[in-house]
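**Student:** Take the sequence shown: its letters are residues 2 to 223, numbered as in our numbering. Every residue, glycine too, gets a C-beta built ideally from N, C-alpha and C.
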Amino acid sequence: MTQDELKDAVAAAAIDEIRPHLARSTVLGIGTGSTANLFIDRLAELRDEFKGAVASSEASAERLRGHDIEVFELNEVGSVPFYIDGADEVNAHLHMIKGGGAALTREKIVAACSERFICIADASKRVARLGAFPLPVEVIPMARSYVARELVKLGADPVYRQGVVTDNGNQIIDCFDFMIDDPLAMEARLNAIVGVVTNGLFAARGADVLLLGDTHGVERLT
Ligand code: 5RP
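If you want it as structure tokens, here you go:
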């Protein structure tokens with residue numbers, strides 16, 4: 002199976018996971034990225050079984066609307082029963098690195114408001130230790146150089162993601178050569194740097210369920 006086929010298999014498994022819980026009043030939280038896109042495409046077939054969705058990016062909102070799925074503001078909805086999203090890396094504790102698509106802040110906000118975070122990923126995303134994937138950090142533009150210097154002090158090799166502006170009007174620094182032993186502590190440490198909006202460690206609010214696709218099928222981990 003190709004990586005795209007594995008992504009589609011976990012998207013299908015996520016549909017099976019949520020479908021029994023859908024009601025006409027249900028508003029779902031939807032992530033960002035190629036795996037989330039495959040989930041959105043499959044969700045379109047169930048459009049009459051739920052009310053709509055909160056999206057973690059403008060791109061996902063547009064894709065949802067393209068399938069005639071109504072998109073709601075998070076402030077209108079308050080909380081969502083499920084948040085379904087991909088990951089760049091995920092460990093055995095279901096802590097993740099996210100933000101490869103620069104949507105980390107809104108992803109973290111919707112995840113925080115979800116009762117259940119379902120992570121959908123192909124097996125290449127599973128790691129013993131987070132950090133081989135460069136950790137994204139969203140920064141207020143005027144703080145970029147300051148934050149980069151602080152990241153160097155923590156041992157990272159920070160690289161400005163040129164030409165990328167987030168949906169919130171901010172910039173992204175990717176932390177290379179930054180293996181993470183204690184994701185919970187590092188998430189809090191990075192959040193404490195002035196000028197950091199969000200970092201891509203999802204440990205304080207990790208996933209509740211991981212649907213992981215490999216050539217043998219989809220494994221469900223909790
Ligand atoms: C976007 C994300 C994505 O979930 C992550 O990058 C995984 O993307 P893909 O499903 O395309 O591999 O965090 O900001």
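For ligand 1, is there any heavy atom lying closer than 7 Å to the beta carbon of T33?
**Tutor:** Against the sequence shown, residue 33 aligns to sequence position 32. Yes, ligand 1 has a heavy atom inside 7 Å of this Cβ.
**Student:** For a test of the three-state rule: what should DSSP assign to T199, helix, strand or coil?
**Tutor:** Taking the first residue of the sequence shown as position 1, residue 199 is located at position 198. Correct three-state label for T199: strand.
**Student:** Based on DSSP bridge pairs, tell me the residues matched to S115.
**Tutor:** For this step, residue 115 is matched to residue 114 along the sequence shown. Its beta-bridge partners are V81.
**Student:** Once the 5 residues before and after R117 are set aside, which same chain residues still bring their CB inside 8 Å of it?
**Tutor:** Reading the sequence shown from its first residue, position 116 is the one you call residue 117. Here the set comprises P82, F83, Y84, D209, V210.
**Student:** Say the cut is 7 Å; is the CB of F88 nearer than that to a heavy atom of ligand 1?
**Tutor:** Numbered from 1 along the sequence shown, position 87 holds the residue referred to as residue 88. In the sequence on display, residue 88 carries Ala and not Phe. Checking the Cβ of A88 against ligand 1 gives yes.
**Student:** Within the segment 41–88, note down every full alpha helix (DSSP H) run reaching 4 residues or more, in order along the chain.
**Tutor:** 59–67, 75–78
**Student:** Along the chain, where does the alpha helix (DSSP H) that runs through R190 open and close?
**Tutor:** Working through the sequence shown from its first residue, we reach residue 190 at position 189. 184–192 is the span of the alpha helix (DSSP H), which, as asked, contains R190.
**Student:** Any heavy atom of ligand 1 inside 7 Å of the beta-carbon of E151?
**Tutor:** The residue labelled residue 151 in the question sits at position 150 within the sequence shown. Not one heavy atom of ligand 1 sits closer than 7 Å to the Cβ of E151.
**Student:** Which residues in the same chain have their Cβ closer than 6 Å to the Cβ of P142, if we skip the five residues on either side of it in sequence?
**Tutor:** Along the sequence shown, one-based indexing puts residue 142 at 141. For P142, where only same-chain residues beyond five positions count, the Cβ hits under 6 Å are Q172.
**Student:** Quick check: is any heavy atom of ligand 1 less than 7 Å from the C-beta of T36?
**Tutor:** Translated into the one-based positions of the sequence shown, residue 36 becomes position 35. Yes, the beta carbon of T36 sits closer than 7 Å to at least one heavy atom of ligand 1.
**Student:** Measuring from the CB of E59, is there a heavy atom of ligand 1 at a distance below 7 Å?
**Tutor:** The residue you call residue 59 lines up with position 58 of the sequence shown. Incorrect: E59 has no Cβ contact closer than 7 Å to ligand 1.
**Student:** Does the beta-carbon distance from L39 to D9 come in below 8 Å?
**Tutor:** Position 38 of the sequence shown, counted from the start, is the residue given in the question as residue 39. Position 8 of the sequence shown, counted from the start, is the residue given in the question as residue 9. A contact, by the Cβ cut-off of 8 Å.
**Student:** Once you ignore the five residues that flank A205 on each side, which residues in its own chain have a CB closer than 8 Å to its CB?
**Tutor:** Locating residue 205 in the sequence shown gives position 204, where the first residue counts as 1. Excluding positions up to five away in sequence, the list reads L185, E188, A189.
**Student:** Residue range of the beta strand (DSSP E) that D158 falls in?
**Tutor:** Taking the sequence shown and counting its residues from 1, one reaches residue 158 at position 157. 158–161 is the extent of the beta strand (DSSP E) around D158.
**Student:** Return the CA-CA distance between M180 and L75, expressed in angstroms with no decimal places.
**Tutor:** Translated into positions along the sequence shown, residue 180 becomes position 179. Translated into positions along the sequence shown, residue 75 becomes position 74. So the alpha carbons of these two residues sit roughly 33 Å apart.
**Student:** Inspect the beta-carbon positions of R48 and I16 and report whether they are closer than 8 Å.
**Tutor:** Indexing the sequence shown from 1 puts residue 48 at position 47. Indexing the sequence shown from 1 puts residue 16 at position 15. For R48 and I16, no; Cβs fall outside 8 Å.
**Student:** Please state the DSSP three-state secondary structure of M97.
**Tutor:** Here residue 97 is taken as the residue at index 96 of the sequence shown, counted from 1. Reduced to three states, the DSSP call for M97 is strand.
**Student:** Find the nearest neighbour of V195 within the set G214, E151, V165, judged by alpha-carbon distance.
**Tutor:** Reading the sequence shown from its first residue, position 194 is the one you call residue 195. Of the listed residues, the one whose Cα sits closest to V195 is E151.
**Student:** Ends of the alpha helix (DSSP H) at L131?
**Tutor:** Along the sequence shown, one-based indexing puts residue 131 at 130. Element bounds for L131: n/a, residue is neither H nor E.
**Student:** Let me check understanding here. Comparing Cα to Cα, which of F51, D158, I31 lies closest to E59?
**Tutor:** As a working note, residue 59 is residue 58 in the sequence shown. Considering only alpha carbons, the answer is I31.
**Student:** According to DSSP, which residues form a beta bridge with D123?
**Tutor:** Position 122 of the sequence shown holds residue 123. Looking at the DSSP assignment, D123 forms a beta bridge with G214.
**Student:** Please confirm whether any heavy atom of ligand 1 lies closer than 7 Å to the CB of L105.
**Tutor:** Looking up residue 105 in the sequence shown gives position 104. Under cutoff, so the answer is yes.
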